[in-house]
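> The number in the working numbering is simply the position in the sequence shown, starting from 1, with 39 added.
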Amino acid sequence: MPIWDKLRTELDRAGRVAQGALDEGKLRLEVFRARQLVDRAAQALGYAVFRSRTTSETLDEPTLVRLTDALCASARWSLPHSRNACAP
Numbered sequence: 040m041p042i043w044d045k046l047r048t049e050l051d052r053a054g055r056v057a058q059g060a061l062d063e064g065k066l067r068l069e070v071f072r073a074r075q076l077v078d079r080a081a082q083a084l085g086y087a088v089f090r091s092r093t094t095s096e097t098l099d100e101p102t103l104v105r106l107t108d109a110l111c112a113s114a115r116w117s118l119p120h121s122r123n124a125c126a127p
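1) Give me the Cα-Cα distance between L98 and V88, rounded to the nearest whole angstrom.
2) Rounded to whole angstroms, what is the Cα-Cα separation between K65 and F71?
3) Report yes if the C-beta distance between A81 and L106 is below 7 Å; otherwise report no.
4) Run through DSSP, which three-state label would L98 get?
5) Quick check on the burial criterion: 16 or more other C-beta atoms within 10 angstroms. Buried or exposed for V77?
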């Protein structure tokens with residue numbers, strides 16, 4: 040039965056390779072989504088600052104704190120090894 044053993048071994052190897060590819064795909068998707076969160080938070084902050092400057096109004100403190108905290112939380116979660124201004 041050496042042919043069956045060889046077949047089983049090759050199928051197991053192919054299964055491990057396929058599982059590794061799936062795991063990497065999931066990880067890449069998770070990183071992509073995390074970066075999207077950071078981008079959305081930065082975009083919201085940028086729009087708020089732009090609106091406050093173009094309308095000559097001051098950006099209220101609670102909104103600024105909320106948007107900055109959201110950006111920092113997203114950046115810390117998605118890019119833990121990068122250097123950012125939100126680091127404690």
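We treat Cβ as the ideally placed atom computed from N, Cα and C, and that holds for glycine.
For this structure:
1) For the purposes of this step, residue 98 is identified with residue 59 of the sequence shown, where counting begins at 1. For the purposes of this step, residue 88 is identified with residue 49 of the sequence shown, where counting begins at 1. Looking at the two C-alpha atoms, the distance is approximately 7 Å.
2) Your numbering for residue 65 matches position 26 in the sequence shown. Your numbering for residue 71 matches position 32 in the sequence shown. Distance between the alpha carbons of K65 and F71: 10 Å.
3) As a first step, residue 81 must be located in the sequence shown, where it is residue number 42. As a first step, residue 106 must be located in the sequence shown, where it is residue number 67. No; because the gap between Cβ atoms is not below 7 Å, this pair is not in contact.
4) Start at 1 with the first residue of the sequence shown, and residue 98 comes out as number 59. Three-state result, L98: coil.
5) Indexing the sequence shown from 1 puts residue 77 at position 38. Its Cβ being crowded by 16 or more others within 10 Å, V77 is buried.
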